[in-house]
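Visitor:
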Amino acid sequence: MKEVNARETLPEVGRGYVFIYSPFCGTCHLAREMLDIIEKMKEEDVFYEMNASLFPDFMQEKQVSSVPCLLVWKDGKVEEKVYAFESVTKIFNLMKEKEKI
Numbered sequence: 001m002k003e004v005n006a007r008e009t010l011p012e013v014g015r016g017y018v019f020i021y022s023p024f025c026g027t028c029h030l031a032r033e034m035l036d037i038i039e040k041m042k043e044e045d046v047f048y049e050m051n052a053s054l055f056p057d058f059m060q061e062k063q064v065s066s067v068p069c070l071l072v073w074k075d076g077k078v079e080e081k082v083y084a085f086e087s088v089t090k091i092f093n094l095m096k097e098k099e100k101i
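The UniProt record's numbering numbers the first residue of the sequence shown as 1 and each following residue consecutively.
1. Keeping to the same chain, check which residues put their C-beta closer than 7 Å to that of Lys-98; ignore five residues upstream and five downstream.
2. Per DSSP, Asn-51 forms a beta bridge with which residues?
3. Report, in whole angstroms, the separation of the C-beta atoms of Val-67 and Ile-20, which I expect to be a contact under 8 Å.
4. Entirely within the region 58-100 and at least 3 residues each: give me those beta strand (DSSP E) ranges in chain order.
5. Going by alpha carbons, who is nearest to Ser-87 out of Met-1, Glu-80, Arg-7, Leu-30?
6. So, at 7 Å on beta carbons, what are the nonlocal neighbours of Ile-101 in its own chain, with the 5 sequence-adjacent residues on each side left out?
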């Protein structure tokens, strides 16, 4: 995963996936493991990761209500927010569906 150190790190053009977490969140650690599996399958860094505590203005602006959260990003805008990390398959299928558009 690519760590977001500044807001400018996020892509302005194209599709991206931003994993928002808190280092003190147990569910976030499980969600991250799921995303790690997808990255291993794709053999590349697919996700950006953002510590919610370090970007409170971004969280408020994008109306992120809880962590973990996966923002589906398209051309600098949030297209969808995923809060339920039910399975690797569900997240992988969501990505496949979005990439066909």
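In this text, a Cβ means the ideal position worked out from N, Cα and C, and glycines have one as well.
All values reported here derive from a predicted model rather than from experimental measurement.
Guide: Straight from the coordinates:
1. Arg-15, Val-72
2. Tyr-21
3. 6 Å
4. 69-74, 77-82
5. Leu-30
6. Unreliable positioning characterises Ile-101 in this predicted model, as indicated by a pLDDT of 46, which lies under 50. A coordinate reading is not provided.
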